[in-house]
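Encoded as structure tokens, the structure appears first; notes follow it.
There are 2 protein chains.
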Amino acid sequence: MDSTIVKGLRVLETLAASDQPRGISELAREMDLNKSNVQRIVGTLLSLGYVSKDSATSRYQATLRMWEFGLQVVHRNQVRRAAQPYLRGLYEKLNESVFLCVPDSDDILYLDKMEAAAPVRISSQVGARAPAARTASGKAILAHLPTEALDRAIVAAREHFRIADIDPAKLRKELAAVRADGFAISQSGYRPGVNSIAAPILGRDGTIMGSIAVTGPVERLDLATLKGYASEIINAATRISEAL
Amino acid sequence: MDSTIVKGLRVLETLAASDQPRGISELAREMDLNKSNVQRIVGTLLSLGYVSKDSATSRYQATLRMWEFGLQVVHRNQVRRAAQPYLRGLYEKLNESVFLCVPDSDDILYLDKMEAAAPVRISSQVGARAPAARTASGKAILAHLPTEALDRAIVAAREHFRIADIDPAKLRKELAAVRADGFAISQSGYRPGVNSIAAPILGRDGTIMGSIAVTGPVERLDLATLKGYASEIINAATRISEAL
DNA sequence: CCCCACCATATCAATATTCGATACACAGGG
DNA sequence: CCCTGTGTATCGAATATTGATATGGTGGGG
């Protein structure tokens with residue numbers, strides 16, 4: 001299982017997630033690894049350019065290298081490419097924030113967004129992960145998942161995001177409705193004060209590829225307004241599906 | 245030197261850079277590694293979620309995981325945070341594409357941009373690397389580099405980007421002018437038909453942190469127009485520097 | 001002012017881990 | 001229907017990784 005790679009990437013992830021530069025001993029303690037081991041690993045990552053060293057303090061931090069490679073993957077992403085013009089179209093038509101989500105190992109990932117110029121709070125949601133069962137985008141995806149994947153996703157939501165208050169039976173019922181309607185709605189389900197409506201993007205063979213969602217504050221996007229956008233969003237999602 | 249990590253990341257980079265899913269033998273041949281070795285490495289990356297397997301064809305490709313972690317680093321980037329409002333301001337005032345660059349191990353990296361809605365060609369320049377000596381953004385950075393770093397950068401430009409036609413003496417002269425003027429200009433220097441003007445962002449201690457640039461087609465942005473934007477850009481860059 | 005405690009870093013023998021030749025099952029093409 | 005390619009599993013040998021230990025440097029408290 002190449003444990004050296006596992007450790008190496010864990011160190012890299014830790015550094016990427018850390019606000020400040022980190023020292024060797026500090027990392028070793030926090031990650032429960034041997035100090036010498038961390039020293040070697042960080043040294044290797046340094047020589048590969050994934051990590052930089054503040055020579056004054058001898059502390060290390062992640063560089064932009066991961067981002068650089070990661071972007072290559074995103075730029076090639078077919079769903080993103082297909083969705084981009086429609087995201088923009090929706091945004092310009094409705095003047096609300098529009099998101100693109102994709103399923104990623106049992107939860108969902110925000111892949112792209114179009115957003116009003118200067119939002120009040122800096123919602124750096126692109127690149128973030130969210131529990132599928134709580135968001136409109138997520139439910140649009142879950143509704144079209146094969147049953148065994150859905151089961152895993154429910155378990156994952158409870159474990160990974162420590163969400164205990166999901167009633168599987170109730171969720172399954174809601175998802176059946178989503179499948180029938182063609183759209184999913186969330187009212188303050190994930191972020192309080194935020195409502196949204198989402199529609200699924202399906203591949204040629206009917207497998208779920210992602211979803212697009214319109215999101216905004218409850219004051220502006222009440223249930224009636226959301227439902228008014230339904231056909232607009234379903235239409236866009238369908239066009240994206242066809243473009244795949 | 246933890247050669248296992250080196251190999252692991254090389255495999256990951258190769259997959260991230262590859263358009264199509266790759267097979268084990270293929271990778272092994274291309275990367276000059278043992279087939280068993282690649283198999284183990286890819287298996288490890290798979291179990292860590294950095295790579296996914298197309299179970300039909302048994303081919304592997306990079307997932308969005310690297311991007312996810314990479315984004316965390318970008319989002320925290322101080323220069324990017326400080327520059328963002330000014331980038332937007334410049335874009336709205338001038339109605340031209342605006343870029344933010346940072347120096348990164350001997351060349352430059354495009355960190356952020358604000359761009360007209362639907363550009364003719366899809367310039368996915370964010371995340372891309374460019375030879376510093378050829379671009380306005382790069383020259384604005386080079387001009388404020390300590391001499392030994394500048395020497396390295398010139399060598400790197402010739403080797404890494406295989407640019408032989410850089411005259412070091414001439415470049416140094418140009419950079420002195422850039423330092424005096426406070427801005428750098430490029431006319432079709434890197435991408436033919438593209439002109440741009442850039443100003444440096446400096447840290448508290450005077451070290452170069454990055455640069456901002458306005459870029460556009462030669463027809464619209466001729467030399468006179470570019471120079472007309474100079475004070476605008478220098479002003480923004482200075483404000484960003486102060487915000488750091 | 002000096003000591004001590006902590007740090008990053010270097011060393012090196014021991015061994016756990018990676019390595020790669022070999023083998024196998026499977027798929028597709030000639 | 002073989003034959004050459006693939007992905008995958010196995011296992012002894014080899015070696016790269018490991019971690020206790022040592023060193024030099026730095027900063028803070030007495």
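Going down the list, the protein sequences come from chains W and S.
FYI, the numbering used here numbers position 1 of the first sequence as 1, with every residue one higher than the one before it.
To convert, count from 1 in the second sequence and add 244; that's the numbering used here.
In this text, a Cβ means the ideal position worked out from N, Cα and C, and glycines have one as well.
Keep in mind it's a predicted model, so treat the numbers as computed, not measured.
- Cβ neighbours of residue 113 of chain W within its own chain (closer than 6 Å, five residues either side excluded): 99 and 126.
- When DSSP reads this structure, residue 61 of chain W sits in a beta bridge with W:52.
- At a cut-off of 9 Å, the C-beta of residue 94 of chain W has no neighbouring C-beta in chain S.
- For residue 216 of chain W, the CB contacts under 8 Å within the same chain, skipping 5 residues up- and downstream, are 96, 97, 194, 195 and 196 in chain order.
- One Cα belongs to residue 336 of chain S, the other to residue 380 of chain S, and the distance between them is close to 21 Å.
- At least one beta carbon of chain W lies nearer than 9 Å to the beta carbon of residue 250 of chain S.
- Between residue 292 of chain S and chain W, the shortest Cβ-Cβ separation is below 9 Å.
- Pairing residue 329 of chain S with residue 443 of chain S, the inter-Cα distance amounts to about 16 Å.
- Within the segment 351–427 of chain S, the runs of beta strand (DSSP E) that reach at least 3 residues and sit entirely inside it are, in chain order, 351–358.
- Fully enclosed beta strand (DSSP E) runs of no fewer than 3 residues occupy 59–62 of the segment 59–93 of chain W, in order along the chain.
- By the C-beta density criterion, residue 103 of chain W is buried, having at least 16 other C-beta atoms within 10 angstroms.
- Residues 378, 379 and 380 of the same chain have their beta carbon placed closer than 8 Å to that of residue 433 of chain S, with the five preceding and five following residues left out of the count.
- At a cut-off of 9 Å, the C-beta of residue 278 of chain S has no neighbouring C-beta in chain W.
- The Cβ atoms of residue 296 of chain S and residue 305 of chain S lie closer than 9 Å to each other.
- The beta-carbon distance between residue 43 of chain W and residue 141 of chain W, rounded to whole angstroms, is 41 Å. This is too long to meet the 8 Å contact definition.
- CA-to-CA, the gap between residue 191 of chain W and residue 71 of chain W works out to about 27 Å.
- Within the model, the alpha-carbon separation for residue 46 of chain W versus residue 203 of chain W is close to 41 Å.
- The segment 166–174 of chain W and the segment 223–236 of chain W do not touch, with fewer than 3 CB-CB distances between them shorter than 8 Å.
- Under the 9 Å criterion on CB atoms, residue 185 of chain W is classed as non-interfacial with respect to chain S.
- For residue 479 of chain S, the enclosing alpha helix (DSSP H) begins and ends at 467–487.
- Residue contact check for residue 241 of chain W against chain S: no CB pair falls below 9 Å.
- In the same chain as residue 178 of chain W, and ignoring 5 residues on each side of it, the C-beta atoms closer than 7 Å to its own belong to 139, 140, 143 and 184, in chain order.
- The three-state reading of DSSP puts residue 459 of chain S in strand, counting E and B together.
- Within 7 Å of the CB of residue 257 of chain S, the CB atoms of chain W belong to 69, in sequence order along the chain.
- From the listed residues S:267, S:355 and S:351, the smallest Cα separation to residue 318 of chain S is found for S:355.
- Counting along the chain, residue 344 of chain S sits inside the beta strand (DSSP E) bounded by residues 341–348.
- Taking a Cβ-Cβ cut-off of 7 Å, the neighbours of residue 284 of chain S in chain W comprise 2, given in sequence order.
- Following the DSSP letters along the chain, one finds residue 247 of chain S inside the alpha helix (DSSP H) bounded by residues 247–261.
- The straight-line gap separating the alpha-carbon atoms of residue 468 of chain S and residue 431 of chain S is approximately 12 Å.
- Chain-ordered, the chain W residues with CB closer than 8 Å to the CB of residue 263 of chain S read 76.
- For the segment 338–352 of chain S, the residues whose beta carbon sits under 9 Å from a beta carbon of chain W are, in order, 346, 348 and 349.
- For residue 174 of chain W, same chain residues with a beta-carbon under 6 Å away, outside a window of 5 residues either side, do not exist.
- Contact between residue 397 of chain S and residue 389 of chain S holds, with the beta-carbon distance rounding to 7 Å and staying under 8 Å.
- For the options S:261, S:277, S:266 and S:258, the alpha carbon positioned closest to that of residue 247 of chain S is the one of S:277.
- When Cβ-Cβ separations below 9 Å define contact, residue 129 of chain W makes contact with chain S.
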